[in-house]
Amino acid sequence: MQPFKNIITNFSVKHYKLVMLITALFTLITGAFFPWVTLDTDPENMLEQDEPARVFHNETKKQFNLSDIVVLGIINERHPDGVFNPATLQRIHELTEFAKTLRWQAEEHPGQWAGVIEVDMIAPSLVDHISQHGPGTIKFEWLMAHPPETKQEALAIRDKALSNPLLKGQMISEDGKAISIYLPLTDKLLSYRVYMELRKKIETLGGHEAYHITGLPVAEGAIGVEMFTQMGTASPLAMVVIFGLLLLFFRKWVLVVLPTMIAAVSIISSMGLMIAFGFPVHILSSMLPIFLMSIAMVDSVHVLSEFFDVYTKEKGRKQTIQEVLNTLFAPMLYTSLTTAAGFLSLTLAPIPPARVFGIFLSIGVMIAWVVTVMFVPAYIMIIPEQKLKHFGLCAQEKEKQNWLTRALAAIGTLTYTHAKVVLGFLVILVGVAIWGITQIQVNDNYAKRFAPSHPIRKADVALNSHFGGTYTAYLILEGKDRGNPTQPDIQRINQDLLRFSNKIRNDYPGAPSLAVTVGEKLSDIAQKNTTFDGFLDSAMQYVEQIAAGAPDEDYDALQELKTFWGLQKEKRKLFKRPEVLAYMADLQAHLEKAGLIGKSNSVADVVRKVNQELTDGQPENFRIPDKLQSVSECYMQYQQSHRPNDLWHLVTPDYMQANIWMQFPSGDSMNTKAAVKAVEAYFTNHAPPAELDHRWAGLHYINLVLETKLVWGFLKSFAGSFILIFIMVSFLFRSPLWGLLCMLPLTITLLAIYGITGMVGKDYDLPIAVLSALSIGMAVDFAIHFLERSRAAYREKGSWKAVAPQIFGEPARAISRNVLVIAIGFLPLLVASLVPYKTTGIMLFMILSCSGLITLFALPAVLTTAEKWFFKKVRSKNYFFSTVKEREA
Amino acid sequence: MMKIGIVAILWGLLGTGFAEELSPVPTADEIARKANHMALYQGADSKGKVTMVIKDKQGRIRKREFTMLRRNDDDRDQDQKYYTFFQVPADVCKMVFMVHKHAALEKDDDRWLYMPGLDLVKRIAARDKRTSFVGSDFLYEDISGRSPDEDNHELIEMTDTYYILKNIPKKPDTVEFEYYIAHIDRKSFVPMKMEFFKRGHRLYRVIESVRLEEIQAQENGQKVTYPTVTESLVRNLANGSETKMIFSDIRYNLGLSNKIFTERYLRRPPRDAMR
Numbered sequence: 012m013q014p015f016k017n018i019i020t021n022f023s024v025k026h027y028k029l030v031m032l033i034t035a036l037f038t039l040i041t042g043a044f045f046p047w048v049t050l051d052t053d054p055e056n057m058l059e060q061d062e063p064a065r066v067f068h069n070e071t072k073k074q075f076n077l078s079d080i081v082v083l084g085i086i087n088e089r090h091p092d093g094v095f096n097p098a099t100l101q102r103i104h105e106l107t108e109f110a111k112t113l114r115w116q117a118e119e120h121p122g123q124w125a126g127v128i129e130v131d132m133i134a135p136s137l138v139d140h141i142s143q144h145g146p147g148t149i150k151f152e153w154l155m156a157h158p159p160e161t162k163q164e165a166l167a168i169r170d171k172a173l174s175n176p177l178l179k180g181q182m183i184s185e186d187g188k189a190i191s192i193y194l195p196l197t198d199k200l201l202s203y204r205v206y207m208e209l210r211k212k213i214e215t216l217g218g219h220e221a222y223h224i225t226g227l228p229v230a231e232g233a234i235g236v237e238m239f240t241q242m243g244t245a246s247p248l249a250m251v252v253i254f255g256l257l258l259l260f261f262r263k264w265v266l267v268v269l270p271t272m273i274a275a276v277s278i279i280s281s282m283g284l285m286i287a288f289g290f291p292v293h294i295l296s297s298m299l300p301i302f303l304m305s306i307a308m309v310d311s312v313h314v315l316s317e318f319f320d321v322y323t324k325e326k327g328r329k330q331t332i333q334e335v336l337n338t339l340f341a342p343m344l345y346t347s348l349t350t351a352a353g354f355l356s357l358t359l360a361p362i363p364p365a366r367v368f369g370i371f372l373s374i375g376v377m378i379a380w381v382v383t384v385m386f387v388p389a390y391i392m393i394i395p396e397q398k399l400k401h402f403g404l405c406a407q408e409k410e411k412q413n414w415l416t417r418a419l420a421a422i423g424t425l426t427y428t429h430a431k432v433v434l435g436f437l438v439i440l441v442g443v444a445i446w447g448i449t450q451i452q453v454n455d456n457y458a459k460r461f462a463p464s465h466p467i468r469k470a471d472v473a474l475n476s477h478f479g480g481t482y483t484a485y486l487i488l489e490g491k492d493r494g495n496p497t498q499p500d501i502q503r504i505n506q507d508l509l510r511f512s513n514k515i516r517n518d519y520p521g522a523p524s525l526a527v528t529v530g531e532k533l534s535d536i537a538q539k540n541t542t543f544d545g546f547l548d549s550a551m552q553y554v555e556q557i558a559a560g561a562p563d564e565d566y567d568a569l570q571e572l573k574t575f576w577g578l579q580k581e582k583r584k585l586f587k588r589p590e591v592l593a594y595m596a597d598l599q600a601h602l603e604k605a606g607l608i609g610k611s612n613s614v615a616d617v618v619r620k621v622n623q624e625l626t627d628g629q630p631e632n633f634r635i636p637d638k639l640q641s642v643s644e645c646y647m648q649y650q651q652s653h654r655p656n657d658l659w660h661l662v663t664p665d666y667m668q669a670n671i672w673m674q675f676p677s678g679d680s681m682n683t684k685a686a687v688k689a690v691e692a693y694f695t696n697h698a699p700p701a702e703l704d705h706r707w708a709g710l711h712y713i714n715l716v717l718e719t720k721l722v723w724g725f726l727k728s729f730a731g732s733f734i735l736i737f738i739m740v741s742f743l744f745r746s747p748l749w750g751l752l753c754m755l756p757l758t759i760t761l762l763a764i765y766g767i768t769g770m771v772g773k774d775y776d777l778p779i780a781v782l783s784a785l786s787i788g789m790a791v792d793f794a795i796h797f798l799e800r801s802r803a804a805y806r807e808k809g810s811w812k813a814v815a816p817q818i819f820g821e822p823a824r825a826i827s828r829n830v831l832v833i834a835i836g837f838l839p840l841l842v843a844s845l846v847p848y849k850t851t852g853i854m855l856f857m858i859l860s861c862s863g864l865i866t867l868f869a870l871p872a873v874l875t876t877a878e879k880w881f882f883k884k885v886r887s888k889n890y891f892f893s894t895v896k897e898r899e900a
Numbered sequence: 185m186m187k188i189g190i191v192a193i194l195w196g197l198l199g200t201g202f203a204e205e206l207s208p209v210p211t212a213d214e215i216a217r218k219a220n221h222m223a224l225y226q227g228a229d230s231k232g233k234v235t236m237v238i239k240d241k242q243g244r245i246r247k248r249e250f251t252m253l254r255r256n257d258d259d260r261d262q263d264q265k266y267y268t269f270f271q272v273p274a275d276v277c278k279m280v281f282m283v284h285k286h287a288a289l290e291k292d293d294d295r296w297l298y299m300p301g302l303d304l305v306k307r308i309a310a311r312d313k314r315t316s317f318v319g320s321d322f323l324y325e326d327i328s329g330r331s332p333d334e335d336n337h338e339l340i341e342m343t344d345t346y347y348i349l350k351n352i353p354k355k356p357d358t359v360e361f362e363y364y365i366a367h368i369d370r371k372s373f374v375p376m377k378m379e380f381f382k383r384g385h386r387l388y389r390v391i392e393s394v395r396l397e398e399i400q401a402q403e404n405g406q407k408v409t410y411p412t413v414t415e416s417l418v419r420n421l422a423n424g425s426e427t428k429m430i431f432s433d434i435r436y437n438l439g440l441s442n443k444i445f446t447e448r449y450l451r452r453p454p455r456d457a458m459r
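Taken in order, these protein sequences are the chains called A and B. Just so we're aligned: the first sequence equals residues 12 to 900 in this note's numbering. Just so we're aligned: the second sequence equals residues 185 to 459 in this note's numbering.
Right, dumping it as structure tokens:
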């Protein structure tokens with residue numbers, strides 16, 4: 012190890028021009044890949060392609076022709092009739108017509124179009140209305156064939172819409188103040204484009220109405236787009252802030268640009284490599300620059316800090332830098348390795364973009380390390396000696412006693428004289444923090460990624476207060492096929508057949524004897540078939556066979572028998588069976604009553620509504636009819652509309668799968684979780700009338716899956732990185748005891764920070780989960796430096812009492828400068844308007860500054876209290892990192 | 185008046201074949217009127233079995249089978265009556281759909297529906313005819329016909345086989361299309377293809393006559409043939425769905441009684457006519 016570090020330093024000092032050239036070339040080459048950058052703003056990609064929930068979600072979308080939907084809400088609070096006045100409805104009509112035009116040539120498939128799916132749009136002028144039209148007459152019409160001209164016409168439209176339970180709470184609010192237009196998209200990634208187009212159009216409309224655009228695709232799309240633009244502002248700002256801080260610390264432009272250059276090299280090359288390897292820039296990896304910005308600088312700040320303190324004119328730059336690197340080589344290597352390992356632990360999370368982020372972050376960290384040990388000496392060598400005039404602590408003797416040195420000295424004294432008090436205080440802190448952590452609730456909400464003033468957040472609040480909810484999930488019920496008919500099945504069907512033939516014997520006297528003929532054949536037919544449907548088909552074919560050669564008087568009877576078999580087939584289609592529909596209706600009512608969902612639509616609602624209008628329109632006939640045939644007639648009538656295919660969003664054409672379309676008024680994932688649990692319980696407590704599977708789909712549900720995955724995934728990677736780093740530091744110090752001590756500050760910090768999270772009621776969501784795993788590798792650095800320096804000094808001085816003041820000199824200053832640079836470096840994220848960025852900024856600032864502080868408090872206090880324990884071996888054993896001074900001595 | 189008379193006499197003398205070659209190109213309105221006749225009014229009445237196969241974008245298939253009776257009220261291509269008796273799917277077997285079509289634009293058609301499951305006869309009042317026919321891609325108006333008087337017709341092209349008409353609705357806000365292009369067979373005047381366009385010349389719906397058959401029949405004791413479309417296909421380009429309609433057992437001039445087309449026959453279809 013020793014020769015190795017000397018070789019590197021000597022090489023760099025000697026061949027500094029070559030080193031500079033290589034560094035520049037490497038940066039240019041990797042940077043050359045930037046033009047090939049591709050973006051991936053789809054949060055769904057946080058899940059593996061073959062993740063079962065995602066696969067099922069996509070299958071469901073295909074099965075039921077479901078699309079991701081943009082919701083455009085129009086609210087009129089000023090007009091006494093709400094939105095139902097001619098002027099507002101005219102504007103809504105205009106917007107609807109405009110929305111139809113939001114379609115473009117598909118980029119990937121020339122000749123095809125992409126955009127809003129007109130046939131599936133929901134708007135007042137695009138939906139049907141069924142109603143009574145005098146006794147015995149039923150009327151079908153467009154709800155709003157054209158915008159109304161009078162107040163009466165406008166109110167008539169309101170009353171019609173409110174009479175339709177399928178539309179109430181969905182397209183129109185129950186108070187009549189708001190209308191939502193639903194715009195299904197061919198691809199959810201177009202949502203932001205649609206969103207921007209709509210906003211442009213809305214600006215031209217005028218009027219007193221409030222317009223809101225929401226829906227998960229919009230929120231997700233907006234996050235994707237805005238993240239990248241906000242990264243574009245936050246990253247340079249972070250650079251400026253860090254640069255300012257460095258200038259404050261070191262005063263010399265020539266030296267201060269150095270960390271900035273290292274950060275640039277590390278950011279450009281790691282991003283370039285990521286692009287070169289074909290990974291798209293995802294929402295997570297968009298944060299790569301801002302992470303690397305400060306982390307890449309850490310090592311060079313240590314070098315500069317030490318250089319600043321050690322440099323004297325007499326020693327000269329060459330000897331100083333060699334001395335400095337000798338002292339810092341190993342701790343820098345180890346802190347870089349631990350940081351990289353912390354990031355690498357993200358690969359343990361089952362989230363593809365997190366893995367990419369983790370890998371390239373750690374690559375960036377290691378690039379920064381290499382550049383620091385190679386490029387920094389080279390750079391210092393090309394600075395003319397006279398430029399360093401007045402540089403260094405010695406040159407600024409009068410400033411030696413500044414606020415930082417005084418504060419550090421005070422901490423040094425306090426932790427030595429009142430070590431037990433400090434420890435006691437920390438123990439109390441840990442206790443409170445643990446209680447706080449138990450208060451944490453796991454919850455994620457897409458809308459809350461936006462600041463309360465953001466239009467999407469406002470839209471979320473406004474629309475969800477008027478409607479059943481803008482968040483959609485689908486509960487898919489599926490009938491199970493029971494396979495071929497059993498003997499009892501055949502007997503039952505045979506009896507039904509005989510009963511049926513007796514019932515029609517007045518009209519068709521030949522029916523009973525023909526039924527007997529068919530009945531005798533059933534067992535044979537069953538044996539030749541492997542499926543139930545095949546059995547029924549064969550039975551029907553048998554009837555046809557007889558009919559072909561039958562005399563005229565039997566022909567009609569056989570036609571009836573054929574219908575009987577056809578009907579048996581229809582009866583196997585679960586979602587034509589009244590009792591199954593009734594079960595669905597009850598389940599929906601249960602969930603709505605419990606307040607778990609805002610609204611739901613299913614074929615049970617369709618059939619009830621059509622049945623009501625087909626009978627007499629009276630509210631008591633809003634019910635599932637008793638007979639399968641009646642249900643089928645309702646289906647048939649529902650389809651005799653302008654939108655026959657609406658039915659297929661709710662049931663598959665084979666009537667074996669149905670979709671309960673659920674709307675949630677809040678984006679909180681814990682509400683989704685509650686609904687999922689309630690459905691489980693319902694199925695357990697109320698046996699369905701037929702064998703039914705149930706599964707969830709829909710973006711809102713996917714988010715719940717994602718959240719669960721993320722929380723546990725990141726907890727796993729957190730544990731992984733904790734253990735890995737513990738092993739690394741134990742190896743570094745050749746002692747698990749020291750390893751443990753090294754982990755202490757960040758452990759206390761994380762407990763405290765997450766305790767506070769729990770106490771202030773901030774939800775444990777995706778950004779917070781990611782940070783816990785990320786921060787360990789960074790936060791441990793301060794402790795490594797502190798302990799490494801302490802041990803080195805102890806070997807020299809032989810007692811902690813002598814060491815402590817020295818440690819609170821230069822080493823503590825270096826650590827503090829680092830803490831400030833790295834922690835404050837994340838604060839520019841606060842200017843971003845997206846909440847996850849703000850959270851990242853605040854959390855990292857808190858984690859890093861706290862762990863810095865706690866390092867300076869907890870470690871000396873522990874070492875003071877348990878000096879004998881920790882130091883008994885240090886003196887005797889050959890120390891892993893020997894310093895220059897030590898060797899000289 | 186005089187001129188028309190002479191033309192009529194000439195027609196009679198020269199015979200149709202000869203006249204066709206000599207006669208000037210018919211006007212767009214004439215073509216539309218004749219096409220309307222060929223599509224809907226041949227014979228005094230007719231009967232046929234219909235199989236409908238509805239196939240969605242994913243290839244999932246639904247079937248309908250029904251028997252359809254039609255009777256013209258007179259020979260002026262005006263009012264008609266339709267009686268549709270469902271057999272398949274079995275759960276809507278015996279459902280009947282009856283229409284008294286009124287050619288006059290201002291008069292809505294009378295429609296009835298009998299639902300055996302609910303045992304209900306309902307009259308249906310509909311503002312427009314552009315709703316789905318039994319959930320298929322055919323519209324009610326495709327079945328009972330769109331009156332030529334609803335559109336302005338323009339002969340935009342004449343190929344060897346087709347007159348190509350552009351038809352623009354007189355009341356654009358009552359329909360979802362902007363115009364449609366009809367390819368009408370020059371010899372038989374049977375419409376062979378209709379393409380419906382939305383604003384911006386966006387084709388979204390196509391109806392094609394896939395098979396044309398000469399159906400033998402008797403008219404006033406004479407043997408005649410009626411060129412009849414026995415298979416047609418409608419494709420909905422907006423959602424990738426399509427419906428094939430196949431006619432079989434077509435018979436003309438059976439002498440269907442007017443009283444079949446009344447409310448009391450909805451519950452009890454005429455067995456002979458259904459055979």
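Using N, Cα and C, we set each Cβ at its ideal position, and we do this for glycine too. The structure presented is a predicted model; accordingly, all values stated were derived computationally and were not measured.
Put simply, the backbone Cα of Ile86/A is about 34 Å away from that of Gln452/A. Residues of the region 138–149 of chain A with a C-beta less than 7 Å from any C-beta of chain B: His144, Gly147, Thr148, Ile149, listed in chain order. Burial check for Gln402/B: the Cβ neighbour count within 10 Å stays below 16, so the residue is exposed. Spatial neighbours of Phe373/B in its own chain (CB-CB distance under 6 Å, excluding positions within 5 residues in sequence) are listed in chain order as Lys218, Ala219, Met222. Chain B places no beta carbon closer than 8 Å to that of Gln623/A, leaving this residue out of the contacts.
Excluding the 5 residues flanking it on each side, Arg246/B has same chain C-beta neighbours closer than 6 Å at Ile238, in chain order. In this structure, the alpha-carbon of Ala550/A lies about 14 Å from that of Leu509/A. The criterion of a C-beta distance shorter than 8 Å is satisfied by Lys306/B and Ile149/A. Taking a beta-carbon distance threshold of 8 Å, Val374/B does not count as an interface residue toward chain A.
Pairing Ile133/A with Val621/A gives a Cβ-Cβ distance that is not under 8 Å.
Considering only Met308/A, Gly375/A, Val432/A, the residue with the shortest C-alpha distance to Leu284/A is Gly375/A. Phe575/A is not a Cβ neighbour of Phe633/A, given a cutoff of 8 Å. Neighbours of Asp240/B in chain A, taken as residues at a C-beta separation under 9 Å, are given in chain order as Asn76, Asn656, Trp659, Pro664.
In the DSSP assignment, Gln116/A falls within the unbroken beta strand (DSSP E) covering 114–116.
If you compare the alpha carbons of Val267/A, Thr481/A, Val846/A, Met857/A with that of Pro195/A, the shortest gap goes to Thr481/A.
Contact between the region 764–780 of chain A and the region 453–473 of chain A is present: 3 or more CB-CB pairs across the two stretches fall below 8 Å. Proximity of Met279/B to chain A, defined by a Cβ-Cβ separation below 8 Å, is satisfied. With a threshold of 8 Å between beta carbons, Glu55/A makes no contact with chain B.
In the structure shown, Gln262/B falls within a coil segment according to DSSP collapsed to helix, strand and coil.
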